[in-house]
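Colleague:
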Amino acid sequence: MTIVTERIYYTDPTCAEFEATVTSSGTVDGRTVVTLDRTAFYPTSGGQPHDTGWLGDAQVADVLDLDDGGIGHIVNAPLADGTRIRGRVDWARRFDHMQQHTGQHVLSAAFDRLHRARTVGFHLGAALSTVDLDKVLDASALASAESEANRIVWEDRPVSIRFATPEEAAGMAFRKEPTRTGPLRVIEIRDFDMSACGGTHVARAGEVGVVALRSWEKFRGGMRIEFACGARALREFRVLRDAVAGSLRCLSVAPQDLPSAIEGAQAENKELRRTLRDLGERLAVHEAGALVARAQPIGGASVVVEALEGWDQAGLKALASAAAGRPGMVAALFSAGEPALVVIARATDVNVDAAALLKSLLGRFGGKGGGKPDLAQGGGLAGSRADLIAAAVQIIAASLQPGA
Ligand SMILES: [Zn+2]
């Protein structure tokens, strides 16, 4: 049986080192779970992730809120019952959670007070923090709530912890009516927000540093808003600063002109691609004439099998298709490199199956591909240019034989 653990963080959230006695040590699902008579470790609950740290030399990887009022520390080494140990909470991680969590109280209260937008969800993740609102706000409403939250932070208002009986709580103006029964832990940001909450918060709003909205989207009839506070906001700023600086160097424009410069570059790129495709098609038609002129008569058809420099898959396809537009033509075109690409096309009046020809080639030289009787393409053929051409000629000739 677990003894109810004294939660040091309830009254002293800044306590990162403490002495305690091991009250139980056992194994659950192959993991060692240790309980203590008192702890400063925060267990995953209320949208806030657990702390990490050390119990003596044992590493604490996870902290659980147990059903019977105990707190379970998942450690990498067992600890004997009755041992006196020194616990150390990873303070950088905990303080980050305190900044995000307190920032969330301030932000949620700002949405509520300015726009009557209630917070219906909160998540504090390793990288992202979100609040879910019950209504949709426009960009200027979001900005005004963000400004209001930062005003409260910069006024450095005290954030107090107290405990209230159900009778006392009945007369208190909570932002959100508490659903818990029994005594409540009340977190108050002076003259701004009162919430029943079991999480860890900073002692003064100024420690939050800054509250910044990262992004927002419509979500379940309301909105999901991603935000960052304190050191996370600074890290985010640095990432964005470097990304923007890099983009500005590439495009040689002022920051405010970046979106339109990217739009302009995209439009230009699209136009160039269209021009390039048109030119490629015209070039293919032109080159196809030369190919047809070099065709060999085999089995009643005109056959051209060549390896061509400087053509990609799309170009080879355009070229082979253009050649096969002439009556009696069969074209098998390879790229110059190894492994090779290949496109096989035939005119509608020639009775060979391009897909079957390709399959024979792939059977000999490996690679992948497929197609239809009039046009097939593949890649990854391992063979010298001479071998590929000789084999293709042989396979085409065999399939053009009467009765083939
Ligand atoms: Zn809280």
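The numbering used here puts the first residue of the sequence shown at 725, with every later residue one more than the last.
From the three backbone atoms N, C-alpha and C, an ideal C-beta is built for every residue, glycine too.
Please read these numbers as outputs of a predicted model, since none were measured by experiment.
Is the separation between the beta-carbon of L831 and that of V935 shorter than 8 Å?
Modeller: Yes, the Cβ-Cβ distance between L831 and V935 is below 8 Å.
Colleague: Please determine whether the Cβ atom of H821 lies at a distance below 7 Å from any heavy atom of ligand 1.
Modeller: False, no ligand heavy atom lies under 7 Å from that Cβ.
Colleague: Could you check how far apart the C-beta atoms of Y766 and R818 are, in whole angstroms? I think they sit under 8 Å.
Modeller: About 7 Å separates the two Cβ atoms, so the contact holds.
Colleague: With three or more beta-carbon pairs closer than 8 Å as the criterion, would you say the region 1069–1086 touches the region 1094–1112?
Modeller: Contact holds: three or more Cβ-Cβ distances are below 8 Å.
Colleague: Under 7 Å Cβ to Cβ from S1045, same chain only, skipping five residues before and after it: list those, please.
Modeller: Closer than 7 Å at Cβ, skipping near neighbours: A1069 and L1099.
Colleague: What separation, rounded to the nearest whole angstrom, lies between the Cα atoms of V926 and V883?
Modeller: Spanning the two alpha carbons is a distance of roughly 7 Å.
Colleague: Tell me whether L972 sits in a helix, a strand or coil according to DSSP, three-state version.
Modeller: Correct three-state label for L972: helix.
Colleague: Consider the C-beta atom of I1131 and the heavy atoms of ligand 1; say whether any pair is separated by less than 7 Å.
Modeller: This structure gives no information on residue 1131, because the portion of the chain shown stretches from 725 to 1128.
Colleague: Could you please give the first and the last residue of the uninterrupted beta strand (DSSP E) stretch that includes R755?
Modeller: From DSSP, the beta strand (DSSP E) with R755 extends over R755 to L760.
Colleague: Near L674, what residues of its chain come up, given a Cβ to Cβ distance below 8 Å and the 5 sequence neighbours on each side ignored?
Modeller: Residue 674 lies beyond the residue range present for the chain, which begins at 725 and ends at 1128; the question has no answer from this structure.
Colleague: Measure the alpha-carbon distance for G895 versus G777 and round it to whole angstroms.
Modeller: About 39 Å.
Colleague: Quick check on W942: does DSSP put it in helix, strand or coil?
Modeller: The sequence as given places Lys at residue 942; Trp does not occur at that position. It is a strand residue.
Colleague: On a CA-only basis, which of R998, A1071 and L1085 is nearest P1063? Give me that one, please.
Modeller: Per the Cα distances, L1085.
Colleague: Report the three-state DSSP secondary structure of L1081 (helix, strand or coil).
Modeller: It is helical.
Colleague: Counting pairs of beta carbons, one from the region 858–875 and one from the region 837–850, are three or more of them closer than 8 Å?
Modeller: Taking 8 Å as the limit for Cβ pairs, the verdict is that the region 837–850 does touch the region 858–875.
Colleague: Assess contact between the region 874–888 and the region 955–975, defined as three or more Cβ pairs (one per stretch) separated by less than 8 Å. Is contact present?
Modeller: Contact between the region 874–888 and the region 955–975 is absent, because fewer than three Cβ pairs lie under 8 Å.
Colleague: Would DSSP call L1112 helix, strand or coil?
Modeller: In this structure, L1112 counts as helix in the three-state DSSP scheme.
Colleague: Looking at the structure shown, is M896 part of a helix, part of a strand, or coil, going by DSSP?
Modeller: Here M896 sits in coil by DSSP.
Colleague: Under the DSSP definition of a beta bridge, which residues are partnered with K1092?
Modeller: Paired residue(s): G1103.
Colleague: State yes or no: is the C-beta of V1054 within less than 8 Å of the C-beta of I1120?
Modeller: A contact, by the Cβ cut-off of 8 Å.
Colleague: Return the first residue and the last residue of the beta strand (DSSP E) that Q783 is part of.
Modeller: Its beta strand (DSSP E) spans residues A782 to D789.
Colleague: By Cβ distance, which residues of its chain are closer than 8 Å to S1123, with the 5 residues on each side in sequence left out?
Modeller: So the qualifying residues of the chain are V1076, D1077, A1080 and L1081.
Colleague: Going residue by residue through the region 944–1029, where are the continuous alpha helix (DSSP H) segments of at least 4 residues, counting only ones entirely within it?
Modeller: For the region 944–1029, whole alpha helix (DSSP H) runs of length 4 or above, ordered along the chain, are 954–975 and 982–1017.
Colleague: Looking at ligand 1, does it come within less than 7 Å of G849, judged from the CB to the closest heavy atom?
Modeller: Checking every heavy atom of ligand 1 against the Cβ of G849, none is found closer than 7 Å.
Colleague: Would you mind working out which of G1052, A801 and L972 sits nearest D781, comparing C-alpha positions?
Modeller: Checked all of G1052, A801 and L972; the closest Cα to D781 is A801.
Colleague: If you draw a straight line from the C-alpha of F898 to the C-alpha of M918, how long is it?
Modeller: About 5 Å.
Colleague: Please confirm if T759 has its CB atom under 8 Å from at least one CB of chain C.
Modeller: Among the chains of the structure shown, chain C does not appear; only one protein chain is present.
Colleague: Taking V752 as the reference, give the member of P773, V787 and H774 with the closest Cα.
Modeller: It is V787 whose Cα lies nearest to the Cα of V752.
Colleague: If you run the structure through DSSP and keep just helix, strand and coil, what is F887?
Modeller: F887: strand per DSSP, three-state reduction.
Colleague: Would you mind giving the Cβ-Cβ distance between V860 and G946, rounded to the nearest angstrom? I have them listed as a contact below 8 Å.
Modeller: Confirmed, about 6 Å.
Colleague: Closer than 7 Å to a non-hydrogen atom of ligand 1 - does that hold for the CB of H825?
Modeller: Flag set: Cβ of H825 near ligand 1.
Colleague: Cα-Cα, which of D814, R997, G754 and R755 is closest to F742?
Modeller: Among D814, R997, G754 and R755, the Cα nearest to that of F742 belongs to D814.
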